[in-house]
């Protein structure tokens, strides 16, 4: 009886093992079939447009489409929110509304705008005013605002008709008037019951027309958006990617164990050919340059980086600068400020700045950097700080 | 009793059982191979001053190139010429890589560098050989 029981037991054990193997095999086949049949997403993906700049996510790993769809939706919503807050062109935009408010009026702002206003104040003070979003009326005066994208016709008393690609220089009375409005410290920030308010304290009259202070945060907002998009992407467990916002801001994630070869564009190249390559990862990069938006009047280069002190295009020997660091918004703002400073002042400034690296391309063809740069265009002279 | 003794001495798995298990294992392995998602075909790109002048698909050997810079020597060998000189780029489909087999550049470091990680750069000729497939190189400025 004991033997029979043992025999039956062994037969049952064998049958159990058989059934288990068949079940495991079937489960594995179905798992491969269904699990692997979900589409994967990789490569360049368009996320949206912010301040007329296309935002792309370049995936260097395959992401299941269900996870990617959720990520894409969240990013698109964030971009739309940024556009609503920071666009000076959109009439329902928060910054647009602030720009129309008169001096002395309290204007409640969102946390998002407050965060960048606060960062802008910090940069303004650190750079002794080289970074100042309130130069916007001058940016517009010289023809570099959104009003000049596409069709333009004179509207305001200070507007001039274009002569081909060139806008004649503005009258000095307007330059002086708008320069007097370029003062970020003149915008007061107050808090009441957890709500934040801004109040302009400056205005100026020219020929009986009153002009108010206006701010444009585009020189920090792209970097800030990159910082927030990065948090969303990281939160969706995507590690190997990079983000590009227009041609001036990048966030580099990982690249499967290798750094990204970031190309800096040759500012003298109309075809945007590469000047050099820098190996980077897990870091933000922002660039600014005088070549992006510029024209010549009587041999004088007029570009969009305004010197708040003079009200004119900054007299600078820097063609372009790339700033590399952890905080995208800071990189973005710094890149504009450094152009305005000129190379000598910029060199002194960056000695007091830690945690950021730089690539300066000068008008005379020299490239200065404190990074390991791989030259691509041999027409330039590459030097270290 | 004799039958019981026979059963006790037999191995737990008969030959037929082994055939079934091996067949199942083969089926699982086949599912892994054929149902796993395929990665996109790897490509090699050659750039002059940052512009792509040659794209070669390592999976099927097809190529597209700018005839003003690139001439095909054979199925997997291309000479890239600029005003600064030439580089011969040879594709190795079996190894899934590429290398510069010949060049008249003054430095010569690019010659025989195999594309494994990053890119092969010939600085005097402003030439870059890299893995591509899609435009993945970040560019700013």
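Protein chains in written order, with the working numbering: chain C, 1 to 385; chain L, 1001 to 1141. Even glycine gets a Cβ: it sits at the ideal position worked out from N, Cα and C.
Assignment of residue 1083 of chain L by DSSP, reduced to helix, strand and coil, places it in the coil class. The bridge partners DSSP lists for residue 210 of chain C are C:205.
In the DSSP annotation of this structure, the continuous segment of the alpha helix (DSSP H) that includes residue 176 of chain C starts and ends at 172-181.
For residue 25 of chain C, the residues of chain L that pass the 8 Å Cβ criterion are 1024, 1025, 1027, 1028, in the order they occur in the chain. Under the 8 Å criterion on CB atoms, residue 1111 of chain L is classed as non-interfacial with respect to chain C.
Counting of Cβ neighbours within 10 angstroms places residue 365 of chain C among the exposed residues, the total staying below 16.
In chain order, 376, 377, 378 make up the part of chain C whose C-beta sits under 8 Å from the C-beta of residue 1126 of chain L. With a cut-off of 8 Å on Cβ pairs, the stretch 96-115 of chain C is in contact with the stretch 183-201 of chain C, counting three or more such pairs. Taking a contact as a CB-CB distance under 8 Å, the pair residue 322 of chain C and residue 359 of chain C counts as one, their CB atoms being some 4 Å apart. DSSP lists no bridge partner for residue 1110 of chain L. For the C-beta of residue 1137 of chain L, the chain C residues within less than 7 Å are, from N- to C-terminus, 261, 263.
Of the residues assessed, residue 230 of chain C falls on the buried side of the cut-off, its CB having 16 or more other CB atoms within 10 angstroms.
Apart from the 5 residues on each side of it in sequence, residue 92 of chain C sits with its Cβ closer than 8 Å to the Cβ of 84 in its chain, given in chain order. C-alpha of residue 46 of chain C to C-alpha of residue 225 of chain C: approximately 15 Å in a straight line. Within the stretch 85-167 of chain C, the runs of beta strand (DSSP E) that reach at least 3 residues and sit entirely inside it are, in chain order, 106-109. Interface criterion met: the Cβ of residue 18 of chain C is under 8 Å from a Cβ in chain L. Membership of residue 302 of chain C in any alpha helix (DSSP H) is not indicated; the residue belongs instead to the beta strand (DSSP E) covering 300-303. Residue 340 of chain C: member of the alpha helix (DSSP H) spanning 328-341, first to last residue. If you draw a 10 Å sphere on the C-beta of residue 266 of chain C, you find 16 or more other C-beta atoms in it, and that means buried.
Looking from the CA of residue 172 of chain C, the closest CA among C:312, C:257, C:327 belongs to C:312. Residues of chain L whose Cβ lies closer than 9 Å to the Cβ of residue 322 of chain C are, in chain order, 1140, 1141. Among the bridge pairs identified by DSSP, residue 46 of chain C is matched with C:56. Only residues of its own chain outside the window of five on either side were considered, and among them 160 have a CB closer than 6 Å to the CB of residue 168 of chain C, listed in chain order. Not flagged as an interface residue toward chain C: residue 1019 of chain L, since no C-beta distance is shorter than 8 Å.
Around the beta carbon of residue 100 of chain C, fewer than 16 other beta carbons lie within 10 angstroms, which makes this residue exposed.
Pairing residue 1139 of chain L with residue 122 of chain C, the inter-Cα distance amounts to about 29 Å. Counting along the chain, the unbroken alpha helix (DSSP H) around residue 230 of chain C starts and ends at 218-235. By the criterion of a C-beta distance shorter than 8 Å, residue 154 of chain C is surrounded in its chain by 160, 161, once the five residues flanking it on both sides are discounted. Burial state of residue 221 of chain C is buried, judged by a 10 Å Cβ sphere holding 16 or more other Cβ atoms. Within its own chain, the residues whose Cβ lies closer than 8 Å to the Cβ of residue 41 of chain C, once the five positions on either side in sequence are excluded, are 59, 62, 63, 64, 65, 68, listed in chain order.
Per the Cβ contact rule, the stretch 284-295 of chain C is in contact with the stretch 239-256 of chain C (3 or more Cβ pairs under 8 Å).
The beta-bridge partner set that DSSP reports for residue 281 of chain C is empty. Per DSSP, reduced to three states, the secondary structure at residue 1048 of chain L is strand.
The beta-carbon of residue 1121 of chain L is placed less than 8 Å from the nearest beta-carbon of chain C.
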